[in-house]
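Peer 1: Position 15, counted from 1, in the sequence shown is what full-length UniProt numbering calls 15; the numbers after and before it change by one each time, with no gaps.
Backbone N, C-alpha and C define an ideal beta-carbon position, used for all residues, glycine too.
Just so you know, these numbers come straight off a predicted model, no measurement behind them.
To start, I am sharing the structure in question, which I have written as structure tokens.
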Amino acid sequence: MTPKLELRDLEKRFDEVEAVKRLSLSLDQGEFVSLLGPSGCGKSTTLAMVAGFETPTAGSILVDGQSVEALPPQRRRIGLVFQDYAVFSKLSVRSNLAFGLEAKGVPSAVRAKAVKAMAERLDLTGLLDRRGDRLNMSEMQRVAIGRVLVTEPQLVLLDEPMSNLDASLRASLRGEMKLIQKQLRQTILYVTHDQVEAMSMSDRIAVMSMGELQQIGSPEEIYRRPRNRFVAEFIGDPPINLIPCEVQTNGDQVAVTTAGHRNLVLGRGRATAGRHWLGLRPHDIRIAPAADAGAGSFPVRFLETLGAEEVLHIDYGGQLLQAVTPTGAVREGDRVALRFDLTRALLIDAGTDIVLP
Ligand code: ATP
């Protein structure tokens with residue numbers, strides 16, 4: 001199947017700055033893909049090239065297998081959703097939905113029919129005469145998306161649409177957004193620096209850093225099998241613990257020794273002996289009461305409550321490890337024994353920052 005959108009070795013340079021470096025990725029019809037990365041990593045520049053607002057320095061952009069670089073933005077049939085779901089506040093929902101079609105000179109009878117159909121699909125029929133400034137955020141989200149979809153774009157681009165909204169609102173809009181996308185089977189490229197947004201809505205996530213694609217995969221792949229240290233640290237909250245370790249190999253067996261444990265057997269992989277990082281997510285460390293204050297017991301320096309769970313900050317031979325446990329299990333100052341879930345541990349090459357297989 002021809003991908004809906006394909007980026008081939010896409011590059012953008014602004015004088016000295018290489019904003020996007022040889023980026024290749026493709027989106028299938030109906031896929032929701034997020035570009036995720038810290039500020040300045042090249043997400044918005046990538047989106048602007050797809051939309052036609054920036055000209056690539058090199059590489060190509062194909063929609064349905066056809067190169068679009070020579071087309072101006074308005075001829076690319078790409079829908080853009082504005083930041084904060086801005087809608088025209090003085091216009092009715094009906095006029096907001098009709099806006100793009102009107103701009104294209106679509107006759108009013110055709111327009112009215114398309115607006116009615118879109119309102120039905122997005123559950124906006126009862127609100128068609130309501131003004132933009134009388135809508136709640138959920139309604140605004142649907143209007144902002146509806147007025148783009150009504151123009152039948154090939155794909156929809158969203159650039160941090162929820163960035164200025166408060167946390168509880170974002171949580172409910174995320175769920176709704178996913179539902180809309182599932183119903184309409186629209187291909188979406190979504191730009192965000194917020195891993196929770198990317199994880200909760202995307203079919204696949206493309207993680208970028210300093211203009212380069214680090215990894216693309218399902219949310220679970222990105223979380224469980226990050227390719228390198230950057231992805232391992234950028235994804236996950238609280239962040240992954242990186243514990244310096246000494247690796248010994250014996251045939252296929254890999255054993256690691258850390259400041260607090262000797263010869264933890266990973267029992268797999270192709271690690272080379274030497275000093276590396278043991279990567280352990282805070283949810284993959286189990287806590288048990290320590291029998292005594294001897295070796296194998298570590299003091300809890302402080303706790304952060306999340307509600308049902310707590311993040312423990314544990315002094316592990318001078319390094320603070322984070323572990324997540326049910327609230328109330330441990331108090332500040334307690335000593336605890338730690339059991340690592342080694343089936344989920346990562347071994348990261350200290351020289352190359354690559355996660356070892
Ligand atoms: P943010 O979330 O902060 O927008 P981003 O990941 O979207 O970040 P870009 O805005 O794409 O990143 O910027 C990537 C790099 O390119 C940055 O170093 C930025 O300063 C630079 N850059 C972007 N646009 C321009 C421009 N018009 N002229 C010069 N440099 C630019």
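Anyone know if the C-beta pair for residue 79 and residue 156 falls short of 8 angstroms?
Peer 2: yes
Peer 1: Tell me the rounded alpha-carbon separation between residue 177 and residue 201.
Peer 2: Near 8 angstroms, if we compare the C-alpha coordinates of residue 201 and residue 177.
Peer 1: Sort 305, 121, 84 by Cα distance to residue 330 and report the nearest one.
Peer 2: Nearest to residue 330 by alpha-carbon distance, out of 305, 121, 84, is 305.
Peer 1: Could you name the residues, in chain order, whose CB is less than 6 angstroms away from a heavy atom belonging to the ligand ATP?
Peer 2: 14, 17, 19, 37, 39, 40, 41, 42, 43, 44, 45, 193
Peer 1: Check for me: the alpha helix (DSSP H) holding residue 96 runs from which residue to which?
Peer 2: For residue 96, the uninterrupted alpha helix (DSSP H) run begins and ends at 93-103, by DSSP.
Peer 1: Exposed or buried, residue 168, counting other C-beta atoms within 10 Å across all chains shown (16 or more means buried)?
Peer 2: exposed
Peer 1: Which residue or residues does DSSP assign as beta-bridge partners of residue 298?
Peer 2: 336
Peer 1: If you draw a straight line from the C-alpha of residue 119 to the C-alpha of residue 26, how long is it?
Peer 2: 30 angstroms
Peer 1: Taking the straight line between their C-alpha atoms, what separation do you get for residue 57 and residue 272?
Peer 2: 40 angstroms
Peer 1: How is residue 73 classed by DSSP in three states: helix, strand or coil?
Peer 2: helix
Peer 1: Could you pull the DSSP bridge partners for residue 315 from this structure?
Peer 2: 320
Peer 1: Assuming the contact rule is C-beta atoms closer than 8 angstroms, residue 190 and residue 34 should be a hit. Round their C-beta distance to whole Å, please.
Peer 2: 5 angstroms
Peer 1: Where are the alpha helix (DSSP H) runs, 4 residues long or more, that stay fully inside the segment 136-207, in chain order?
Peer 2: 137-149, 167-184, 195-201
Peer 1: List the DSSP bridge partners of residue 250.
Peer 2: 253
Peer 1: Quick test of your reading: residue 241 and residue 321, contact by CB under 8 angstroms. State the CB separation rounded to the nearest angstrom.
Peer 2: 5 angstroms
Peer 1: Suppose you measure from the CA of residue 24 to the CA of residue 100; what does that come to, to the nearest Å?
Peer 2: 31 angstroms
Peer 1: By Cβ distance, which residues of its chain are closer than 7 angstroms to residue 44, with the 5 residues on each side in sequence left out?
Peer 2: 159, 191
Peer 1: Who are the Cβ neighbours of residue 297 in its own chain at under 7 angstroms, not counting the five residues just before and after it?
Peer 2: 290, 335, 336, 337
Peer 1: How big is the Cα-Cα spacing for residue 343 and residue 270?
Peer 2: 15 angstroms
Peer 1: Less than 8 angstroms between C-beta atoms, sequence neighbours within five positions excluded: which residues of the same chain meet that for residue 152?
Peer 2: 77
Peer 1: By Cβ distance below 7 angstroms, which residues in the same chain neighbour residue 239 in space, the five residues on each side in sequence not counted?
Peer 2: 233
Peer 1: DSSP state of residue 32, grouped into three classes?
Peer 2: strand
Peer 1: Between which two residues does the alpha helix (DSSP H) carrying residue 287 extend?
Peer 2: Segment 285-289 is the beta strand (DSSP E) holding residue 287; no alpha helix (DSSP H) there.
Peer 1: Tell me whether residue 327 is buried or exposed, calling it buried when 16 or more other Cβ atoms sit within 10 Å of its Cβ.
Peer 2: Residue 327 should be labelled exposed.
Peer 1: Near residue 37, what residues of its chain come up, given a Cβ to Cβ distance below 7 angstroms and the 5 sequence neighbours on each side ignored?
Peer 2: 43, 193, 207, 208, 209
Peer 1: With a threshold of 8 angstroms between beta-carbons, can residue 94 be considered close to chain B, or not?
Peer 2: No chain B is part of this structure, which consists of one protein chain only.
Peer 1: If you draw a straight line from the C-alpha of residue 138 to the C-alpha of residue 114, how long is it?
Peer 2: 21 angstroms
Peer 1: Could you compute how far the alpha carbon of residue 154 sits from the alpha carbon of residue 347?
Peer 2: 42 angstroms
Peer 1: How would you label residue 181, buried or exposed, when you count the other beta carbons within 10 angstroms and need 16 or more for buried?
Peer 2: Residue 181 counts as buried, since at least 16 other C-beta atoms from the protein chains shown sit within 10 angstroms of its C-beta.
Peer 1: Where does residue 45 fall in DSSP's three states?
Peer 2: It is helical.
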